[in-house]
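The structure appears below as structure tokens.
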Amino acid sequence: MKILILTNGTYGDYNFCKQDEGFDYIICADRGLCHARVLGIMPNLIVGDFDSTNEQDLTYFKEQGVQIETFDTHKDETDTEIAVSKAIQKGATEVTIYGGLGSRLDHNLANVHLLYKLLRAGIKGKLVNPNHTVYLAEKYRLIKGKKGDLVSLIPFAGRVTGVTTKSLAYPLKKAEIHIGTSLGISNVLEEDTAEIWLDEGILIVIMAQD
């Protein structure tokens, strides 16, 4: 099941939202519902404490009969993590998060860690905004983009060994990438797709178009 989560990060002109289609279930996290309304998307579920939501948009979706779950503002999870947990409960096999990257570095880092939560549940996840797509790679990852896109490989934790790449301008073969090095920064797609293999560890894969 492919699930889309809309949260409140950077969307720009919304053009990047047109790249993915065919979602089976859609969840909005708090102010993500405002972006859903702009995009003409009708979510299946809205969750959050709604401390940053436009009341008019919330009322609109209530009148459409969308399921809404309200949480206390004093909670341990972010609204985005609540949405990710709901996606796991729904049986997601793939989760795409729009707006999970923005001006708040703390939220950006936390949302990368939510990709790890998905990975541990056996679910493919990615964060997408106008200029970036972020994945986690463990053992193998096929990445899709456009020829010439920048691709950076950063250790998620500790040492990553046996890193081998295909269709990147600066190939790696059984390489080791450690925390504290910039070895994997600013590689380049030679085709519209590339492949990454690794023996141990987890890589953050960041695709950039700016």
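For reference, each letter of the sequence shown is one residue, going 27 to 236 in the numbering used here.
In this text, a Cβ means the ideal position worked out from N, Cα and C, and glycines have one as well.
Alpha carbon of residue i to alpha carbon of residue j, nearest angstrom
{"i": "Asp98", "j": "Thr122", "result": "25 angstroms"}
{"i": "Ala118", "j": "Glu216", "result": "31 angstroms"}
{"i": "Glu226", "j": "Ala109", "result": "29 angstroms"}
{"i": "Ile114", "j": "Gln93", "result": "17 angstroms"}
{"i": "Gly48", "j": "Asn41", "result": "16 angstroms"}
{"i": "Ile29", "j": "Asp50", "result": "6 angstroms"}
{"i": "Ile53", "j": "Val73", "result": "8 angstroms"}
{"i": "Val64", "j": "Leu84", "result": "13 angstroms"}
{"i": "Glu107", "j": "Tyr142", "result": "11 angstroms"}
{"i": "Ala163", "j": "Ile169", "result": "10 angstroms"}
{"i": "Asp75", "j": "Gly66", "result": "22 angstroms"}
{"i": "Gly58", "j": "Glu81", "result": "13 angstroms"}
Where the alpha helix (DSSP H) through residue i begins and ends
{"i": "Val186", "result": "Careful: Val186 lies outside any alpha helix (DSSP H), inside the beta strand (DSSP E) at Val186 to Lys192."}
{"i": "Gln82", "result": "Glu81 to Glu89"}
Boundaries (first-last residue) of the beta strand (DSSP E) holding residue i
{"i": "Glu120", "result": "Glu120 to Tyr124"}
Residue burial classification, residue i (beta-carbon count within 10 angstroms, cutoff 16)
{"i": "Thr104", "result": "buried"}
Whether residue i touches residue j by CB criterion (9 angstroms)
{"i": "Asn155", "j": "Leu198", "result": "no"}
{"i": "Ile230", "j": "Val138", "result": "yes"}
{"i": "Pro181", "j": "Ile203", "result": "yes"}
{"i": "Leu224", "j": "Val177", "result": "no"}
Beta-bridge pairing of residue i - partner residues as DSSP gives them
{"i": "Ile211", "result": "Looking at the DSSP assignment, Ile211 forms no beta bridge with any residue, so it has no partner."}
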